[in-house]
Structures are given as structure tokens and as C-alpha cells.
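Data first, discussion second: the structure below is written as C-alpha cells.
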Amino acid sequence: LFPKFLSDFAGGLNPVEVSQPTVINYLWDVFDLIDEGINDDFRYFSNHVDFNSYSKDGVHFVNSIDIKIGKNVKLSAGVVLDASEGKIIIDDDVNIMANAVICGPCYIGKNSIIKIGAKIYGKSSFGEFCKVGGEVENSVIHAFSNKQHDGFLGHSYLGEWVNIGADTNTSDLKNTYSNIKVRLRDYDINTYRMFLGFLCGDHTKTAINTSLTTGTVAGICGIIVADGFLPNSIPSFAWRGTKGCSKYKLEKALEVAKTVMQRRNNILLDEEIELITREYNRFNLIENSKISV
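Using the numbering used here, you'd call the opening residue of the sequence shown number 148 and step up by one each time.
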């Protein structure tokens with residue numbers, strides 16, 4: 148029924164020719180498109196009656212014409228919004244706490260909180276209900292994910308319901324300045340990039356003081372614990388440390404996901420449970436995994 152609906156709906160649309168379509172082959176391709184996407188979105192927000200310019204004593208605006216702010220936004224004293232190198236969009240009900248610095252291009256989603264003293268560099272985009280602090284550069288953080296403590300997150304992509312523990316730091320540049328390779332499934336792929344940080348699946352969490360090496364990829368529903376640098380490929384459902392890896396029980400992973408989502412008045416859908424279960428069944432435990440936790 149749904150495919151037929153799509154077919155019928157598409158039949159009523161006028162065709163549009165695109166001379167050079169945007170193609171995303173790998174997740175890291177997104178980093179090149181953030182500024183373009185924010186500029187496109189800015190045109191919408193510029194015409195939206197609820198988004199206007201904003202002024203408040205103690206808040207500093209640089210190139211205010213390229214800053215749009217939604218309804219019920221709270222900006223505390225000492226906040227700096229610098230749109231000199233790109234546009235800034237702050238959506239409804241956002242709370243930006245004292246002395247945070249935000250450089251454009253940047254989008255901050257509805258009901259998000261930017262913590263005291265945060266340093267947000269350009270080409271960053273955060274979904275709704277995120278908590279963001281510390282230092283963030285050229286990164287995407289999807290809805291309901293938290294990176295609220297000190298630590299650096301650069302050239303990184305976080306899925307939904309991710310939690311980054313205090314003082315977690317990502318390396319996004321090799322000391323040799325060479326291209327970064329990432330491991331996807333059983334293949335090493337040359338990204339032809341000098342900068343790439345952490346690519347993280349939904350519901351994965353890092354412990355405090357976690358150090359993530361350049362180009363780390365982590366699957367879904369993992370717990371990442373380390374007292375040194377981790378390997379740059381961490382499978383789904385891994386309870387991973389520098390001394391080895393254990394397999395996270397499916398039932399426990401689902402229980403934790405449900406608990407986290409209920410705290411934000413959300414539920415884990417049956418379809419999401421099915422997707423997580425399929426990934427669990429696909430996952431082949433790495434060689435040194437011997438215990439379940």
C-alpha cells in the first residue's frame with residue numbers, strides 16, 4: 148500500500164532536473180555538507196515569522212544579520228554568537244548558558260542545552276534535546292545525545308541516544324598528517340582525509356576519561372571503557388576496554404535503551420527493537436570476547 152501511495156504521489160509532481168546531485172557515499176562525507184545545509188536552512192528560517200533577530204545586554208553578537216533565534220530561547224550573560232564565518236540558527240526553547248562561545252555555521256536543535264563555557268566551533272549541527280559542553284568542532288550530534296562535559300569532540304558523528312562521558316577526548320588528526328583509514332566490517336577504507344574523529348552508533352556510551360584514536364568507528368549499544376587508546380574499530384554490543392572486549396547481552400542492552408528513553412518521555416519502538424535485534428544476530432563476536440556482562 149505504501150509503495151503504491153508513493154508512486155501515485157510522485158506521479159503528480161513536476162520533474163526536477165539536478166545537474167550535479169549530492170551523493171553521500173560514506174558517513175564522513177557529511178562533514179563537507181554541513182555549512183551548505185545550514186545556509187539552505189537559513190533561507191527557510193529567514194522567512195519564518197517566529198525567527199527574528201535578538202538582542203540582550205551581556206550577550207555579544209558578531210554579524211548579527213546572519214543569526215536567527217527561535218521562540219523562548221534563553222541566552223545568559225557572556226554568551227558570544229559569532230556568525231562572521233557562517234550562519235547560526237538557534238531553534239525554539241534552547242538554553243545557552245553563561246560564557247558559551249558559538250561560531251557559525253552552526254545549528255542548535257529545539258530544547259537543547261549548551262553548557263557553561265562551551266566552545267562550539269563552526270560546521271556543527273545538533274539535534275533536539277541535546278546537551279553539549281566542552282569543545283566541539285565540525286561535528287554532528289543527533290537528537291537526545293549528550294556530550295555535556297569537558298573534553299574535545301572533533302570531526303565526529305554521533306547517532307541518537309549517545310552519551311559521552313566526562314573528559315572523553317577524540318583525536319581527529321594523525322601526528323604524521325597522513326590520510327586516515329577506518330575499518331568498516333572487515334575492510335580498511337582510506338578516507339583520503341586528514342581530519343576524522345569518532346563515528347558512533349545509536350545508544351553507545353563512553354566512560355569518563357576515554358581516549359579515542361583517530362578515525363574510531365563504534366557500533367550500536369556499546370559501552371566503551373579505556374585507560375589508554377582504544378582500537379579504532381569497536382563492534383556493536385561491545386563492552387570494550389584496552390584489555391579486551393566482552394559481549395553486551397541483548398536483553399540488557401534493550402533494557403538500558405528503554406530506561407534512557409523513558410527519562411526523556413520516549414519509548415523504544417517495536418521497529419527499533421527489531422533493528423537492534425537484527426544487528427545483534429549479525430554481530431560476530433571478536434576473537435578475544437569470552438564473557439557476557
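Every residue gets a Cβ at the ideal spot worked out from N, C-alpha and C, and that includes glycine.
Could you check what DSSP says for residue 262 in three-state terms: helix, strand or coil? Along the sequence shown, one-based indexing puts residue 262 at 115. Residue 262: coil per DSSP, three-state reduction.
With a Cβ-Cβ cutoff of 8 Å, do residue 290 and residue 299 count as a contact? On the sequence shown, residue 290 is found 143 positions in, with the first residue counted as 1. On the sequence shown, residue 299 is found 152 positions in, with the first residue counted as 1. The Cβ-Cβ distance between residue 290 and residue 299 does not fall below 8 Å.
Which residue comes first and which comes last in the alpha helix (DSSP H) that contains residue 404? Counting from one through the sequence shown, the residue named residue 404 turns up at place 257. Start and end: 397–409.
Here's a check: name, in chain order, each residue in its chain whose Cβ is nearer than 6 Å to the Cβ of residue 248, leaving out the five neighbours to either side. Taking the sequence shown and counting its residues from 1, the one referred to as residue 248 is at position 101. For residue 248, the CB contacts under 6 Å within the same chain, skipping 5 residues up- and downstream, are 227, 266 in chain order.
Between the C-alpha atoms of residue 263 and residue 223, what's the straight-line distance to the nearest angstrom? Locating residue 263 in the sequence shown gives position 116, counting from the first residue. Locating residue 223 in the sequence shown gives position 76, counting from the first residue. Between the alpha carbons of residue 263 and residue 223 lies a distance of about 9 Å.
Taking buried to mean at least 16 other C-beta atoms within 10 Å of its own C-beta, is residue 218 buried or exposed? As a working mapping, residue 218 is identified with position 71 in the sequence shown. By the Cβ-count criterion, residue 218 is exposed, with fewer than 16 other Cβ atoms from all chains shown falling within 10 Å of its own Cβ.
Identity of the residue in 245, 234, 414, 168 nearest residue 203 by Cα: In the sequence shown, the residue the question calls residue 203 occupies position 56. The shortest C-alpha separation from residue 203 is found at 245.
Using CA atoms only, rank isn't needed, just tell me which of 399, 331, 312, 400 is closest to residue 358. Counted from its first residue, the sequence shown places residue 358 at position 211. Closest by alpha carbon: 312.
Have a look at 394, 341, 179 and flag the residue whose alpha-carbon is nearest the alpha-carbon of residue 271. Start at 1 with the first residue of the sequence shown, and residue 271 comes out as number 124. Of all alpha-carbon atoms in 394, 341, 179, the one lying nearest the alpha-carbon of residue 271 is that of 179.
Pick helix, strand or coil for residue 353, following the three-state DSSP scheme. Locating residue 353 in the sequence shown gives position 206, where the first residue counts as 1. Note: residue 353 maps to strand in three-state DSSP.
Are residue 240 and residue 215 closer than 8 Å when you measure CB to CB? Residue mapping note: residue 240 aligns to position 93 of the sequence shown, counting from 1. Residue mapping note: residue 215 aligns to position 68 of the sequence shown, counting from 1. In this structure, residue 215 does not lie closer than 8 Å to residue 240 by Cβ.
Opposing strand residues paired with residue 301 [DSSP bridges]: The count along the sequence shown starts at 1 and reaches residue 301 at position 154. The beta-bridge partner set that DSSP reports for residue 301 consists of 284.
By DSSP, does residue 309 sit in helix, in strand, or in coil? Here residue 309 corresponds to residue number 162 of the sequence shown, with the count starting at 1. Note: residue 309 maps to coil in three-state DSSP.
Determine the extent of the beta strand (DSSP E) in which residue 330 is found, giving its start and end residues. Within the sequence shown, numbered from 1, the residue matching residue 330 stands at position 183. Counted as a single uninterrupted DSSP element, the beta strand (DSSP E) harbouring residue 330 occupies residues 328–331.
For residue 231, count neighbouring Cβ atoms within 10 angstroms of its own Cβ and tell me buried if that reaches 16, exposed if not. Along the sequence shown, one-based indexing puts residue 231 at 84. That one is exposed.
Specify the secondary structure class of residue 346 as computed by DSSP and reduced to three states. What you label residue 346 is simply residue 199 of the sequence shown in a count that begins at 1. Per DSSP, reduced to three states, the secondary structure at residue 346 is strand.
Got a sec: does the ligand MN put a non-hydrogen atom nearer than 7 Å to the Cβ of residue 345? The ligand MN is not part of this structure, which contains no ligands at all.
For residue 215, write down the residues that DSSP places opposite it in a beta bridge. Here the question's residue 215 lines up with position 68 in the sequence shown. Answer by DSSP bridge pairing, in chain order: 236.
How many angstroms separate the CA atom of residue 253 from the CA atom of residue 424? The residue given as residue 253 occupies position 106 in the sequence shown. The residue given as residue 424 occupies position 277 in the sequence shown. C-alpha separation (whole angstroms): 35 Å.
By the 10 Å Cβ neighbour count, where 16 or more other Cβ atoms means buried, how is residue 176 classified, buried or exposed? Your numbering for residue 176 matches position 29 in the sequence shown. The Cβ neighbour count for residue 176, taken over all protein chains shown within 10 Å, is under 16; the residue is labelled exposed.
Classify residue 367 as buried or exposed, calling it buried when 16 or more other Cβ atoms lie within 10 Å of its own Cβ. Along the sequence shown, read from residue 1 onward, the residue named residue 367 stands at position 220. Label assigned to residue 367: buried.
Assigned secondary structure, residue 369 (DSSP; H/G/I helix, E/B strand, else coil): Here residue 369 refers to the residue found at position 222 when the sequence shown is read from its first residue. DSSP, read as helix, strand or coil, puts residue 369 in coil.
When burial is assigned at 16 or more other CB atoms within 10 Å of the CB, is residue 329 buried or exposed? Residue mapping note: residue 329 aligns to position 182 of the sequence shown, counting from 1. By the neighbour-count definition (other C-beta atoms within 10 Å, threshold 16), residue 329 is a buried residue.
Based on the DSSP output, what are the partners of residue 270 in its beta bridges? Here residue 270 corresponds to residue number 123 of the sequence shown, with the count starting at 1. The bridge partners DSSP lists for residue 270 come to none.
Hey, could you find the ends of the beta strand (DSSP E) residue 254 is sitting in? Numbered from its first residue, the sequence shown carries residue 254 at position 107. Looking at the DSSP string, the run of the beta strand (DSSP E) that includes residue 254 is 253–255.
Are the CB atoms of residue 236 and residue 188 within a distance shorter than 8 Å? Translated into positions along the sequence shown, residue 188 becomes position 41. Translated into positions along the sequence shown, residue 236 becomes position 89. Contact: yes.
How is the beta strand (DSSP E) around residue 334 delimited, first residue to last? Locating residue 334 in the sequence shown gives position 187, counting from the first residue. Element bounds for residue 334: 334–337.
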